[in-house]
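What follows is a single structure, written as C-alpha coordinates, with notes after it.
Numbering (the numbering used here), first residue to last: 10 to 109.
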(Lines of atoms letter the chains of each structure in order from A; the text may use other names.)
(Lines give C-alpha, C1' and ligand atoms only; values in the text may rest on other atoms or scores of the structure.)
Protein backbone atom coordinates (compact mmCIF):
# COMPACT_ATOMS: atom_id res chain seq x y z
CA UNK A 10 0.00 0.00 0.00
CA UNK A 11 1.95 2.95 1.36
CA UNK A 12 5.33 1.53 0.36
CA UNK A 13 4.23 1.15 -3.27
CA UNK A 14 2.86 4.71 -3.30
CA UNK A 15 6.10 6.09 -1.88
CA UNK A 16 8.15 4.23 -4.50
CA UNK A 17 5.90 5.57 -7.28
CA UNK A 18 6.16 9.08 -5.86
CA UNK A 19 9.96 8.90 -5.75
CA UNK A 20 10.08 7.62 -9.34
CA UNK A 21 7.84 10.50 -10.39
CA UNK A 22 10.17 13.00 -8.72
CA UNK A 23 13.23 11.46 -10.40
CA UNK A 24 11.64 11.47 -13.84
CA UNK A 25 10.41 15.04 -13.36
CA UNK A 26 13.84 16.25 -12.29
CA UNK A 27 15.46 14.50 -15.25
CA UNK A 28 13.00 16.10 -17.66
CA UNK A 29 13.50 19.56 -16.20
CA UNK A 30 17.28 19.14 -16.35
CA UNK A 31 17.02 18.01 -19.97
CA UNK A 32 14.83 20.97 -20.92
CA UNK A 33 17.27 23.47 -19.39
CA UNK A 34 20.12 21.85 -21.33
CA UNK A 35 18.17 22.09 -24.58
CA UNK A 36 17.16 25.71 -24.09
CA UNK A 37 20.67 27.04 -23.46
CA UNK A 38 21.61 27.38 -27.13
CA UNK A 39 18.15 28.21 -28.41
CA UNK A 40 17.49 31.84 -27.54
CA UNK A 41 16.28 32.55 -31.06
CA UNK A 42 12.60 32.31 -32.00
CA UNK A 43 11.49 29.39 -34.15
CA UNK A 44 10.64 30.34 -37.70
CA UNK A 45 7.10 29.26 -38.54
CA UNK A 46 7.86 28.81 -42.22
CA UNK A 47 10.45 26.13 -41.47
CA UNK A 48 8.64 24.47 -38.56
CA UNK A 49 6.60 21.27 -38.73
CA UNK A 50 3.39 23.32 -38.26
CA UNK A 51 3.92 25.23 -41.49
CA UNK A 52 1.36 24.78 -44.23
CA UNK A 53 4.21 23.66 -46.45
CA UNK A 54 4.93 20.56 -44.37
CA UNK A 55 1.70 19.93 -42.43
CA UNK A 56 -0.79 17.46 -43.91
CA UNK A 57 -4.20 16.39 -42.61
CA UNK A 58 -3.21 12.72 -42.83
CA UNK A 59 -0.33 13.24 -40.42
CA UNK A 60 -2.62 14.89 -37.87
CA UNK A 61 -5.10 12.23 -36.70
CA UNK A 62 -5.68 11.27 -40.29
CA UNK A 63 -5.77 7.91 -42.02
CA UNK A 64 -2.99 6.39 -39.92
CA UNK A 65 -4.93 7.12 -36.72
CA UNK A 66 -8.25 5.48 -37.65
CA UNK A 67 -9.52 3.00 -35.10
CA UNK A 68 -10.73 -0.40 -36.28
CA UNK A 69 -14.51 -0.73 -36.60
CA UNK A 70 -14.64 -3.54 -34.04
CA UNK A 71 -13.43 -1.09 -31.38
CA UNK A 72 -15.69 1.78 -32.40
CA UNK A 73 -18.93 -0.14 -33.04
CA UNK A 74 -19.60 -1.46 -29.50
CA UNK A 75 -19.04 1.96 -27.92
CA UNK A 76 -21.23 3.64 -30.53
CA UNK A 77 -24.04 1.12 -30.06
CA UNK A 78 -23.86 1.45 -26.27
CA UNK A 79 -24.06 5.25 -26.43
CA UNK A 80 -26.93 5.06 -28.92
CA UNK A 81 -28.77 2.72 -26.55
CA UNK A 82 -28.29 5.07 -23.59
CA UNK A 83 -29.56 8.04 -25.60
CA UNK A 84 -32.60 6.10 -26.81
CA UNK A 85 -33.33 4.87 -23.28
CA UNK A 86 -33.19 8.43 -21.94
CA UNK A 87 -35.49 9.71 -24.67
CA UNK A 88 -38.07 6.90 -24.57
CA UNK A 89 -38.38 6.02 -20.87
CA UNK A 90 -41.47 6.72 -18.80
CA UNK A 91 -41.50 9.63 -16.35
CA UNK A 92 -41.07 8.43 -12.76
CA UNK A 93 -41.70 9.87 -9.30
CA UNK A 94 -38.05 10.82 -9.08
CA UNK A 95 -38.39 12.91 -12.25
CA UNK A 96 -41.46 14.67 -10.87
CA UNK A 97 -39.71 15.39 -7.55
CA UNK A 98 -36.67 16.79 -9.33
CA UNK A 99 -38.84 18.99 -11.57
CA UNK A 100 -40.75 20.23 -8.53
CA UNK A 101 -37.59 21.10 -6.58
CA UNK A 102 -35.92 22.76 -9.54
CA UNK A 103 -38.94 24.94 -10.29
CA UNK A 104 -39.31 25.87 -6.59
CA UNK A 105 -35.71 27.12 -6.41
CA UNK A 106 -36.04 29.10 -9.67
CA UNK A 107 -39.29 30.76 -8.47
CA UNK A 108 -37.57 32.05 -5.29
CA UNK A 109 -34.97 34.01 -7.27
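Even glycine gets a Cβ: it sits at the ideal position worked out from N, Cα and C.
Pairing residue 68 with residue 20, the inter-Cα distance amounts to about 35 Å. Look at residue 20 here: in three-state DSSP terms it is helix. Judged by DSSP in its simplified three-state form, residue 48 adopts coil rather than helix or strand.
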